[in-house]
Amino acid sequence: MSLNRDQINSIAHLARLSLTDAEIPVYQDSLSKIVDLVGQLEAAQTAGIEPMAHPLPGLAQRMRPDVVTEGDQHELYQRNAPQVEAALYLVPKVIE
Amino acid sequence: MHTFTLAELASKLRAKEFSVTELTKSLLGRIEASQSKLNAFVTVTADSALAQARSADMALASGQAGPLTGLPLAHKDIFCTRGIKTTCGSRMLDNFVSPYDATVVEKLNAAGMVTLGKTNMDEFAMGSSNETSYYGPVKNPWDLALVPGGSSGGSAAAVAARVSPIATATDTGGSIRQPASLCGVTGIKPTYGRVSRYGMIAFASSLDQGGLISQSAEDAAMVLGAMAGFDPRDSTSVDTPVPDYVGTLNAPLAGLKIGLIKEFFDKGLDSNVEKLIRDALKVYEKLGATLVEVKLPALPLSVPTYYVVAPAECSSNLARFDGVRYGHRCENPKDLMDLYKRSRGEGFGAEVKRRIMVGTYVLSAGYFDAYYLKAQRVRQLINQDFRRAFDEVDVLIGPTAPDVAFAIGAKASDPIQMYLNDIYTIGANLAGVPAISIPCGFVRGLPVGMQIAGPHFAEGKLLNVAHAYQKETDWHRQMPAAFKPEKLS
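Read top to bottom, the protein sequences are chains P and E.
FYI, the numbering for the first sequence is 1 to 96, going by the numbering used here.
FYI, the numbering for the second sequence is 1001 to 1489, going by the numbering used here.
This is the structure in structure tokens:
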């Protein structure tokens, strides 16, 4: 199966990735090959087989009490932020 | 002092043949001398290593030392280290200084180990050759023109060149075992949930597992015991006691039933590699094991299954990198959408973008059932294959990788060829079972690894089976000539 330029652009948009013009044909080619590779699954007989979401069967996801376990460390965390003001993360204006 | 295993170093430190500080300085010197050849490290933490070494020397002198006190190691740069740059091999995190320690790091620090630095890796652990790192490829110490494997290529190269006696690593589809095989060292991927994933930067959360690359199974047993265990901060961590892995290393193998996966020996396996595996199996027969052929009919579908499940989880996990809270941000974004798209487009490398897009595609409306649900059903079949096999046999033995290390650049332009490197390792991740790769000989002067897989939580058995082989052979003691002490001081 071959993916066209528009499909690559639409996938990249959904994934929030900007691609250069030079990247598009490269991904067209490799994504098409990968879609072919995973297409081998089609032939597998899976009627009545439960989808496996967790590698350890029978183990349920653990819950914990809904209580605060961490102190406020926003200064420490925001040291890694590209732009911060008054303890807020800054982004370009969203609402005009 | 750098050709010693961890077990030997531990006894020599106690016999006061040298101090932790002397050992640490010597290894830091070797790391520096090897860096231009191997590129195995992203960050060397000399100052904090020497501070940890001094504390360890004091603990040893005052009788406060534990079994791992003063033993040096390197961490794969996927593990968050407080106050130390943690890049995951990506431009996206080139400026990221972790505000906290991964549980693995916290535990090994508490055990008194000395962190020498952070090892290079494929970007976000996506790759089988270490060529996708933002910091450039790692070289294979056996031949600098060849790849070390990946994604834990820096950890494997560092241990193979004996610039670090042991290193942490992670394995999502073979990222511990395949580089261990290509570099001639030991690599263990524990059972899913055995080692905490807290602070281990996520790639595919139902497959990722932390482990070790070491010189021997004995060394891995020493550190795995301190690294494994329940962690309430990892929601899939399993609350099962950690057995004494060192205590069971020498259990006799008489009566051991070894399964040989028919599908792995049938086709595609290099005949030289196969011969070495067959030779190793003879060693096990001599030790009292019996061989049984087993069939895992769904296993040949493990690569296509993985390339649905792993990219799907990756596209979701890597959505957190938005250029807002941490990580790379583009210059002069014109609006929020532009900020997201260009920060991610610039911050991620080609392979990471490829996998995010594959994941986005297979999860998108109209394709979800055909790809993602189908892959989860096939994953169930593969899991059932393993379970049936382990009803019959104690362990499965076969090759780790289809061939020895390949040239840098040889497979870089063809993702499918690259993905097929993990054809023998991916099954264990899909089924969540533990597996170890140990060196079993050389083809054309390059190391070959043998893989031993077991049922869930059988790490002790795997280490026992691997150790028994390493007592009978010395493949694991071979090291690349260019990095012997007289060549690299």
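Glycine residues also receive a C-beta, built at the ideal position from the N, C-alpha and C atoms.
Give the DSSP-derived three-state secondary structure of residue i in the structure shown.
i       : result
E/I1078 : coil
E/M1200 : strand
E/C1440 : strand
E/N1464 : helix
E/I1176 : coil
E/Q1376 : helix
E/M1450 : strand
E/F1041 : strand
E/G1184 : coil
E/T1119 : strand
E/N1332 : coil
E/L1209 : For clarity, residue 1209 of chain E is Gln in the given sequence; the question names Leu instead. Reduced to three states, the DSSP call for E/Q1209 is strand.
P/E85   : strand
E/S1128 : coil
P/V67   : coil
E/K1411 : coil
E/N1317 : helix
P/P57   : coil
E/V1195 : strand
E/V1097 : strand
E/L1073 : strand
E/N1524 : The question about residue 1524 of chain E has no answer, for chain E in this structure spans 1001 to 1489.
P/S18   : coil
E/S1214 : strand
E/I1382 : helix
Please compile the residues from chain C whose C-beta is within a distance smaller than 8 Å of the C-beta of residue i.
i     : result
P/N80 : Protein chains P and E are contained in the structure displayed, whereas chain C is not.
According to the neighbour-count rule (16 or more other Cβ atoms, all chains shown, within 10 Å of its Cβ), is residue i buried or exposed?
i       : result
E/N1383 : buried
E/M1418 : buried
E/L1073 : buried
P/H74   : exposed
E/I1176 : buried
E/P1232 : exposed
E/T1290 : exposed
E/N1250 : exposed
E/E1032 : exposed
E/Q1380 : buried
P/P101  : Residue coverage of chain P in this structure runs from 1 to 96, which leaves residue 101 of chain P outside it and unanswerable.
E/D1057 : buried
P/R64   : exposed
E/S1034 : buried
P/L76   : exposed
E/Q1376 : buried
How is the alpha helix (DSSP H) around residue i delimited, first residue to last?
i       : result
E/K1484 : Taken as a continuous stretch (DSSP letters only), E/K1484 belongs to no alpha helix (DSSP H), as it is neither H nor E.
E/Q1417 : P1415 to Y1419
E/K1353 : A1350 to L1363
P/S30   : E23 to V38
E/G1398 : Per DSSP, E/G1398 belongs to no alpha helix (DSSP H); it is in the beta strand (DSSP E), V1395 to P1399.
P/H74   : H74 to Q78
P/V94   : Here P/V94 belongs to no alpha helix (DSSP H), and DSSP marks it neither H nor E.
E/V1223 : A1217 to M1227
E/L1006 : L1006 to R1014
E/H1456 : First-last for E/H1456: undefined, no H or E at that position.
E/G1427 : I1426 to A1431
E/D1047 : A1046 to A1061
P/H13   : R5 to L14
What first and last residue would you give for the beta strand (DSSP E) that runs through residue i?
i       : result
E/M1113 : Careful: E/M1113 lies outside any beta strand (DSSP E) and carries neither H nor E.
E/A1169 : I1166 to D1171
E/S1152 : Premise fails: E/S1152 is in no beta strand (DSSP E) and is neither H nor E.
Enumerate in chain order the residues of its own chain whose CB-to-CB distance from residue i is below 7 Å, with the five nearest sequence positions on each side excluded.
i       : result
E/A1243 : Note on residue identity: the sequence assigns Pro, not Ala, to residue 1243 of chain E. Hits under 7 Å: G1460.
E/F1264 : G1398, P1399 and Y1424
E/K1189 : D1171, I1176, R1177, Q1209, G1211, A1428, P1434 and A1435
E/A1431 : I1382, N1383 and F1386
E/T1360 : S1315
E/T1021 : L1050, A1053, R1054 and D1057
E/L1269 : P1399 and P1402
Sorted by chain position, which residues of the same chain lie with C-beta nearer than 6 Å to residue i's C-beta, five sequence neighbours on each side aside?
i       : result
E/F1203 : F1124, A1125, T1172 and C1314
E/L956  : Beyond the ends of chain E as shown, which are 1001 and 1489, falls residue 956 of chain E; an answer cannot be given.
E/T1005 : Q1215, S1216 and D1219
E/F1390 : P1455
E/C1330 : R1342, S1343 and E1346
E/G1187 : I1176, R1177, A1180, I1213 and S1437
Please work out which residues of its chain come closer than 8 Å, Cβ to Cβ, to residue i, disregarding the five sequence neighbours upstream and downstream, and give them in chain order.
i       : result
P/S18   : A12
E/R1355 : M1126, A1310, P1311, C1314 and S1315
P/Y89   : Q78, A81 and Q83
What are the complete beta strand (DSSP E) segments, minimum 3 residues, inside the segment 1259 to 1301 of chain E? 1290 to 1294
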